[in-house]
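Participant: Submitted below is the structure of interest, expressed as structure tokens.
Residue numbers (our numbering): 35 to 445.
The following block contains the structure:
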């Protein structure tokens with residue numbers, strides 16, 4: 035039997051979501067987790083099934099607690115590595131290529147990017163006698179390599195196997211660091227000025243560099259590299275929601291999981307993981323938004339009270355998550371409270387947290403769309419200009435040919 039205080043907490047949360055209201059009092063995060071993840075709020079069959087699917091309440095508690103602790107420590111770091119946006123994107127693309135080359139799974143690559151962001155916030159790659167163009171690629175290669183060895187140490191490559199491709203990226207990074215597009219350090223720093231003086235140098239990364247950075251990264255991460263990324267949280271939340279809703283929405287949740295995975299990768303390339311946008315918050319927001327797009331719940335459910343209905347609808351359209359206009363909920367109203375109760379239990383979060391997370395992710399997705407549209411518009415303008423120049427060149431050639439023919443005819 036469920037304890038009255040557990041049922042009351044979940045019931046109050048469902049009522050708040052259904053009416054669009056928020057809790058007025060401030061509740062500590064760990065108390066929210068305890069209220070909505072209470073073992074007695076679910077029957078024994080559901081608890082057993084959650085354990086069988088490896089998404090138990092204890093796992094969610096441990097992930098949430100560890101994530102909060104990690105980001106608190108990283109926020110207090112006094113020596114974070116400042117990476118330019120283009121430098122980070124180039125490094126992640128290098129890690130993606132390295133992951134494909136070594137056979138690292140896609141979910142593990144997401145974990146690798148999370149570890150890379152956290153290592154940078156912790157101050158890695160550590161300063162040493164080697165140049166930054168050697169350290170950063172070596173650290174990125176080390177993270178991919180240690181996760182690949184964690185998956186299967188028998189088939190994983192050795193550090194020496196990654197030397198050539200890592201040196202190529204290090205050379206690229208060094209030769210482009212003088213420009214404003216790719217910068218390891220903020221523009222104007224002594225390091226970037228030094229790189230500008232030697233724009234065509236060849237950088238060599240050795241196996242010892244990679245192994246040294248592997249030890250440094252592990253030390254900075256406190257030897258804990260099994261940290262849940264956005265896709266890890268998304269996978270767990272979708273499985274939990276499917277189990278707690280008694281498999282009534284399996285098809286919709288399968289689609290939601292797939293879309294969350296795709297959007298998580300776009301968000302990952304756009305912005306660095308941070309204490310303000312940790313993986314759990316991103317996963318919560320993606321789950322909420324795609325449940326709306328899948329027509330399982332109405333859009334108004336996750337609207338924060340400080341956002342007007344018109345602005346909330348406009349924001350969703352600007353994210354481009356809904357490709358056919360504003361979605362309408364297909365779930366009957368009488369079944370909505372039951373599903374929302376399942377969602378609170380699955381996420382272990384209060385309604386105000388889910389609404390806040392949905393808003394944060396919607397704004398982040400809008401930035402992704404904006405950043406993709408601007409280069410696309412520029413490319414279209416460049417293509418149009420090239421086409422106009424080509425047409426003008428052809429017109430000149432035709433006129434010259436006509437003039438030449440007239441001269442020959444006159445002669």
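We treat Cβ as the ideally placed atom computed from N, Cα and C, and that holds for glycine.
Select from 432, 135, 275, 182 the residue whose C-alpha is nearest the C-alpha of residue 330.
Facilitator: Nearest of 432, 135, 275, 182 to residue 330, Cα basis: 275.
Participant: Between residue 67 and residue 384, what straight-line distance do the alpha-carbon atoms span, to the nearest angstrom?
Facilitator: Because the pLDDT of residue 67 is 46, which lies under 50, any placement of that residue in the model is unreliable, and the number read from its coordinates should be weighed accordingly. Approximately 8 Å between the Cα atoms of the pair.
Participant: On a Cα-Cα basis, can you pick out the residue from 238, 192, 319, 81 that is closest to residue 399?
Facilitator: The candidate whose alpha carbon is nearest that of residue 399 is 319.
Participant: Whole angstroms is fine: what's the gap from residue 227's alpha carbon to residue 247's?
Facilitator: With a pLDDT of 43 at residue 227, under the threshold of 50, the modelled position of that residue is not reliable, and no figure is offered here.
Participant: Using DSSP's beta-bridge definition, name the partner residues of residue 357.
Facilitator: Note: residue 357 sits in a beta bridge opposite 359.
Participant: Count the other CB atoms within 10 Å of the CB of residue 386; is the residue buried (16 or more) or exposed (fewer)?
Facilitator: Result: buried.
Participant: Can you list, in chain order, the residues of its chain with a C-beta nearer than 6 Å to that of residue 295? Leave out the 5 residues immediately preceding and following it.
Facilitator: Hits under 6 Å: 265.
Participant: Just curious, the alpha helix (DSSP H) that residue 198 is in, first and last residue?
Facilitator: Start and end: 197 to 210.
Participant: Would residue 175 and residue 132 qualify as a contact pair, given that the criterion is a beta-carbon distance under 8 Å?
Facilitator: In this structure, residue 132 lies closer than 8 Å to residue 175 by Cβ.
Participant: In the DSSP assignment, the alpha helix (DSSP H) including residue 25 goes from what residue to what residue?
Facilitator: Residue coverage of the chain in this structure runs from 35 to 445, which leaves residue 25 outside it and unanswerable.
Participant: So, are the CB atoms of residue 123 and residue 303 less than 8 Å apart?
Facilitator: Going by C-beta atoms, residue 123 is nearer than 8 Å to residue 303.
Participant: In the DSSP assignment, find the alpha helix (DSSP H) that holds residue 129 and state where it starts and stops.
Facilitator: 119 to 136 is the extent of the alpha helix (DSSP H) around residue 129.
Participant: Mind checking which residues open and close the alpha helix (DSSP H) that includes residue 267?
Facilitator: Looking at the DSSP string, the run of the alpha helix (DSSP H) that includes residue 267 is 264 to 278.
Participant: Below 8 Å between beta carbons: does that hold for residue 376 and residue 279?
Facilitator: In this structure, residue 279 lies closer than 8 Å to residue 376 by Cβ.
Participant: What does the alpha-carbon distance come out to for the pair residue 120 and residue 134?
Facilitator: Looking at the two C-alpha atoms, the distance is approximately 21 Å.
Participant: Under a Cβ-count criterion, where at least 16 other Cβ atoms within 10 Å of its own Cβ denotes burial, should residue 104 be classed as buried or exposed?
Facilitator: Classification of residue 104: buried, given that the 10 Å Cβ count is 16 or more.
Participant: Going by beta-carbon coordinates alone, are residue 394 and residue 315 separated by less than 8 Å?
Facilitator: Yes.
Participant: Return yes when the Cβ of residue 317 is within less than 8 Å of the Cβ of residue 267, no when it is not.
Facilitator: For residue 267 and residue 317, yes; Cβs fall inside 8 Å.
Participant: Give the secondary structure of residue 316 by DSSP, where H, G and I count as helix, E and B as strand, and everything else as coil.
Facilitator: Note: residue 316 maps to helix in three-state DSSP.
Participant: Report yes if the CB atom of residue 136 is closer than 8 Å to the CB atom of residue 178, and no otherwise.
Facilitator: Cβ atoms of residue 136 and residue 178: closer than 8 Å.
Participant: Shortest alpha-carbon distance to residue 209 belongs to which of 185, 238, 194?
Facilitator: Out of 185, 238, 194, 238 has the C-alpha closest to the C-alpha of residue 209.
Participant: Using a Cβ distance threshold of 8 Å, determine whether the stretch 346 to 357 contacts the stretch 279 to 289, with at least three qualifying pairs required.
Facilitator: No: the two stretches stay apart, fewer than three of their Cβ pairs being nearer than 8 Å.
Participant: Using a Cβ-Cβ cutoff of less than 7 Å, which residues in the same chain neighbour residue 100 once the five nearest sequence positions on both sides are dropped?
Facilitator: Here the set comprises nothing.
Participant: Is residue 329 helix, strand or coil by DSSP?
Facilitator: Three-state result, residue 329: coil.
Participant: Tell me the rounded alpha-carbon separation between residue 96 and residue 382.
Facilitator: Near 12 Å, if we compare the C-alpha coordinates of residue 382 and residue 96.
Participant: Exposed or buried, residue 219, counting other C-beta atoms within 10 Å across all chains shown (16 or more means buried)?
Facilitator: In this predicted model, residue 219 has a pLDDT of only 45, less than 50, meaning its place in the structure is not dependable; the value taken from the coordinates is given anyway. It is buried - the Cβ of residue 219 has at least 16 other Cβ atoms within 10 Å.
Participant: Just curious, the alpha helix (DSSP H) that residue 306 is in, first and last residue?
Facilitator: Where residue 306 is concerned, there is no enclosing alpha helix (DSSP H), given that its DSSP letter is neither H nor E.
Participant: For residue 365 versus residue 351, is the C-beta spacing smaller than 8 Å?
Facilitator: Contact flag unset, no.
Participant: Give every residue of the same chain whose Cβ lies closer than 6 Å to the Cβ of residue 203, excluding the five residues on either side of it in the sequence, and list them in chain order.
Facilitator: Once the five neighbours on either side are set aside, the close Cβ partners of residue 203 are 128, 171.
Participant: Please list the terminal residues of the continuous alpha helix (DSSP H) segment that includes residue 83.
Facilitator: Taken as a continuous stretch (DSSP letters only), the alpha helix (DSSP H) holding residue 83 covers 78 to 86.
Participant: In the structure shown, what three-state DSSP assignment does residue 257 receive?
Facilitator: Residue 257: coil per DSSP, three-state reduction.
Participant: Within the same chain, show all residues whose beta-carbon is closer than 7 Å to that of residue 271, passing over the 5 residues directly before and after it, in chain order.
Facilitator: Excluding residues within five positions, the ones whose Cβ falls inside 7 Å are 317, 321, 380, 381.
Participant: In whole angstroms, give me the CA-to-CA distance for residue 333 and residue 77.
Facilitator: So the alpha carbons of these two residues sit roughly 30 Å apart.
Participant: Does the distance from the CB of residue 254 to the CB of residue 158 come in under 8 Å?
Facilitator: It is a contact, given that the beta carbons lie within the stated cut-off.
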